[in-house]
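Asks: Supplied in structure tokens, the structure appears directly below.
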Amino acid sequence: MTIILDGKALRDKLLGDLKVKIDKSEIKPGLSVILVGNDSASQIYVNNKRKTAEKLGIKSEVIEYPADVEENVILDKINELNQDDSVHAILVQLPLPEHINKLKIIDAISPQKDVDCFTTINYGKLAAGLEPAVYPCTPKGILLLLDEYNIDLDGKHVVVVGRSNLVGKPMSLMALKRNATVTTCHSHTKNLKSITKTADVVISAVGEVLIEEDMINENIIVVDVGISRDKNGKIRGDVNFETVCGKTSYISPVPGGVGPMTIASLMLNTYELFEKSLKRS
Ligand code: GUN
1365 MTIILDGKAL RDKLLGDLKV KIDKSEIKPG LSVILVGNDS ASQIYVNNKR KTAEKLGIKS
1425 EVIEYPADVE ENVILDKINE LNQDDSVHAI LVQLPLPEHI NKLKIIDAIS PQKDVDCFTT
1485 INYGKLAAGL EPAVYPCTPK GILLLLDEYN IDLDGKHVVV VGRSNLVGKP MSLMALKRNA
1545 TVTTCHSHTK NLKSITKTAD VVISAVGEVL IEEDMINENI IVVDVGISRD KNGKIRGDVN
1605 FETVCGKTSY ISPVPGGVGP MTIASLMLNT YELFEKSLKR S
């Protein structure tokens, strides 16, 4: 029997609990999002983040700049947000336009307000197995989803497909921290199928349909992080869900699996940074 990893249900549960905590708090957590340019996917993501934050009682603002904004304008804004005690979490939506030095922008964020775990300090701590201020949203959401279904990664062979800084790489590091045996595959991997065939868990974060039924063994766990659109504009993941689903013990759907968990993690991270700032003051 296959069990669907229901990210929407878990998001609703986690955010319901979080709202109770925020309602009780006199001071409210603050999340500031910087959005540069008019990438339509980014606009949708940022809007979802803002709406979710507002529903929870998180004070959220979206600071928008045109695509040709000068780097210094963004740096000045980040410095201002770093100093602002009502802002506990800062997120710079990626991608940024080409002319902007992404690393310089990210590293301008105070590590204590780095809600994505993108700064060199926090990412370095993550890589070294130390505690970053908070963990990256998508891998954190995936682990919360697996925890909800009592799926323990200890000793399992976890095959992560994709090595992006946003998902694949931190996912591999976090699975390793959970004592999984981790293989990270990517576009240069030879014979991907020979590796996915040995997996207990496949986590795919590529953005195109590539996990087919003949690439996995029976009863494995499949987590689908991919998001793309088919030729009719319908949202789909990296996994050929129809053929793969029946072979798995657990599988996350797209939509309704990892996506809602990423947003939930962002809200949880905002609250964690808020709590840590209260403890410091
Ligand atoms: N662009 C796509 N996903 C993300 C994310 O999780 N955080 C940020 N900052 N930008 C993104």
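Going by my numbering, the first residue of the sequence shown is number 1365, and it counts up by one from there.
Cβ atoms here follow ideal geometry from the backbone N, Cα and C, with glycine treated the same way.
Note that the structure is predicted; figures quoted are calculated from it, not measured.
(1) Since residue 1579 and residue 1554 should fall inside the 8 angstroms C-beta cutoff, what is the C-beta to C-beta distance between them, to a whole number of angstroms?
(2) Is the beta carbon of residue 1575 less than 8 angstroms from the beta carbon of residue 1608?
(3) Spatial neighbours of residue 1520 within its chain, please: C-beta separation below 6 angstroms, excluding the five flanking residues on both sides.
(4) Quick one: is residue 1459 buried, meaning 16 or more other Cβ sit within 10 Å of its Cβ, or exposed?
(5) With 8 angstroms as the threshold, decide whether the Cβ of residue 1373 is near any Cβ in chain B.
(6) Counting Cβ pairs closer than 8 angstroms, one from the stretch 1423-1435 and one from the stretch 1490-1510, do we hit at least three?
(7) Just the C-alpha distance for residue 1550 and residue 1633, rounded to the nearest angstrom, thanks.
(8) Taking the runs of the beta strand (DSSP E) that are 3 residues or longer, which of them lie wholly in the stretch 1551-1587?
(9) Helix, strand or coil: which one does DSSP assign to residue 1404?
(10) Quick one, which of 1527, 1598, 1398, 1612 has its alpha-carbon nearest residue 1581's?
(11) Say the cut is 7 angstroms; is the CB of residue 1626 nearer than that to a heavy atom of ligand 1?
(12) Between which two residues does the beta strand (DSSP E) containing residue 1423 stretch?
(13) For residue 1616, collect the residues of the same chain with a Cβ closer than 6 angstroms to its Cβ; drop the 5 residues on either side in sequence, then sort them by chain order.
(14) Would you report the Cα separation of residue 1372 and residue 1510, rounded to the nearest angstrom?
(15) Put residue 1540 into one of helix, strand or coil per three-state DSSP.
(16) Could you give the C-beta distance for residue 1590 and residue 1571, rounded to a whole number, given that I count them as a contact under 8 angstroms?
(17) Are residue 1425 and residue 1396 close, meaning C-beta to C-beta below 8 angstroms?
(18) Could you give the distance in angstroms between the alpha-carbon of residue 1552 and the alpha-carbon of residue 1475?
(19) The alpha helix (DSSP H) spanning residue 1628 covers which residue range?
(20) Looking at the secondary structure, which residues open and close the beta strand (DSSP E) in which residue 1525 lies?
(21) Quick check: does the Cβ of residue 1399 come within less than 7 angstroms of any heavy atom belonging to ligand 1?
(22) Between the C-alpha atoms of residue 1462 and residue 1431, what's the straight-line distance to the nearest angstrom?
(23) Which residues mark the beginning and the end of the beta strand (DSSP E) in which residue 1458 is found?
(24) Based on DSSP bridge pairs, tell me the residues matched to residue 1395.
(25) Is it the case that the CB of residue 1456 approaches a heavy atom of ligand 1 more closely than 7 angstroms?
(26) Could you have a look at residue 1440 and say whether DSSP puts it in helix, strand or coil?
Replies: Quick look at the numbers:
(1) Within the sequence shown, numbered from 1, the residue matching residue 1579 stands at position 215. Within the sequence shown, numbered from 1, the residue matching residue 1554 stands at position 190. Their Cβ separation, rounded to whole angstroms, is 14 angstroms, which puts residue 1579 and residue 1554 out of contact at 8 angstroms.
(2) Here residue 1575 refers to the residue found at position 211 of the sequence shown. Here residue 1608 refers to the residue found at position 244 of the sequence shown. Cβ atoms of residue 1575 and residue 1608: closer than 8 angstroms.
(3) Within the sequence shown, residue 1520 is the residue found at index 156, counting from 1. Residues of the same chain with a CB within less than 6 angstroms of the CB of residue 1520, apart from the 5 flanking positions on each side, are 1544, 1564, 1565 in chain order.
(4) What you label residue 1459 is simply residue 95 of the sequence shown in a count that begins at 1. Exposed, because fewer than 16 other Cβ atoms sit within 10 Å of the Cβ of residue 1459.
(5) As a matter of chain content, chain B is missing from the structure shown, which is built from one protein chain.
(6) Taking 8 angstroms as the limit for Cβ pairs, the verdict is that the stretch 1490-1510 does not touch the stretch 1423-1435.
(7) Counted from its first residue, the sequence shown places residue 1550 at position 186. Counted from its first residue, the sequence shown places residue 1633 at position 269. Looking at the two C-alpha atoms, the distance is approximately 28 angstroms.
(8) 1565-1568
(9) Taking the sequence shown and counting its residues from 1, one reaches residue 1404 at position 40. Three-state result, residue 1404: helix.
(10) Within the sequence shown, residue 1581 is the residue found at index 217, counting from 1. Nearest C-alpha to residue 1581 among 1527, 1598, 1398, 1612: 1612.
(11) Numbered from its first residue, the sequence shown carries residue 1626 at position 262. Yes, since a heavy atom of ligand 1 falls inside the 7 angstroms radius drawn around the Cβ of residue 1626.
(12) To locate residue 1423, count along the sequence shown from 1; it is residue 59. Residues 1423-1429.
(13) Mapped onto the sequence shown, residue 1616 falls at position 252. Non-local C-beta neighbours of residue 1616 in its own chain, meaning closer than 6 angstroms and more than five positions away in sequence, comprise 1369, 1587, 1588, 1622, ordered along the chain.
(14) Within the sequence shown, numbered from 1, the residue matching residue 1372 stands at position 8. Within the sequence shown, numbered from 1, the residue matching residue 1510 stands at position 146. The alpha-carbon atoms of residue 1372 and residue 1510 are separated by roughly 13 angstroms.
(15) Along the sequence shown, one-based indexing puts residue 1540 at 176. Residue state, collapsed to three classes: helix.
(16) For the purposes of this step, residue 1590 is identified with residue 226 of the sequence shown, where counting begins at 1. For the purposes of this step, residue 1571 is identified with residue 207 of the sequence shown, where counting begins at 1. The pair is a contact, with the Cβ atoms about 5 angstroms apart (cut-off 8 angstroms).
(17) By one-based count along the sequence shown, residue 1425 stands at place 61. By one-based count along the sequence shown, residue 1396 stands at place 32. A contact, by the Cβ cut-off of 8 angstroms.
(18) Taking the sequence shown and counting its residues from 1, one reaches residue 1552 at position 188. Taking the sequence shown and counting its residues from 1, one reaches residue 1475 at position 111. One C-alpha to the other measures close to 33 angstroms.
(19) Taking the first residue of the sequence shown as position 1, residue 1628 is located at position 264. Its alpha helix (DSSP H) spans residues 1622-1644.
(20) Translated into the one-based positions of the sequence shown, residue 1525 becomes position 161. From DSSP, the beta strand (DSSP E) with residue 1525 extends over 1521-1525.
(21) Locating residue 1399 in the sequence shown gives position 35, where the first residue counts as 1. No, Cβ of residue 1399 sits at least 7 angstroms from all heavy atoms of ligand 1.
(22) Numbered from 1 along the sequence shown, position 98 holds the residue referred to as residue 1462. Numbered from 1 along the sequence shown, position 67 holds the residue referred to as residue 1431. Each residue's alpha carbon lies about 9 angstroms from the other.
(23) Mapped onto the sequence shown, residue 1458 falls at position 94. First-last for residue 1458: undefined, no H or E at that position.
(24) For the purposes of this step, residue 1395 is identified with residue 31 of the sequence shown, where counting begins at 1. The partner list for residue 1395 (beta bridge, DSSP) reads 1424, 1453.
(25) If you number the sequence shown from 1, residue 1456 lands on position 92. Checking the Cβ of residue 1456 against ligand 1 gives yes.
(26) As a first step, residue 1440 must be located in the sequence shown, where it is residue number 76. Residue 1440: helix per DSSP, three-state reduction.
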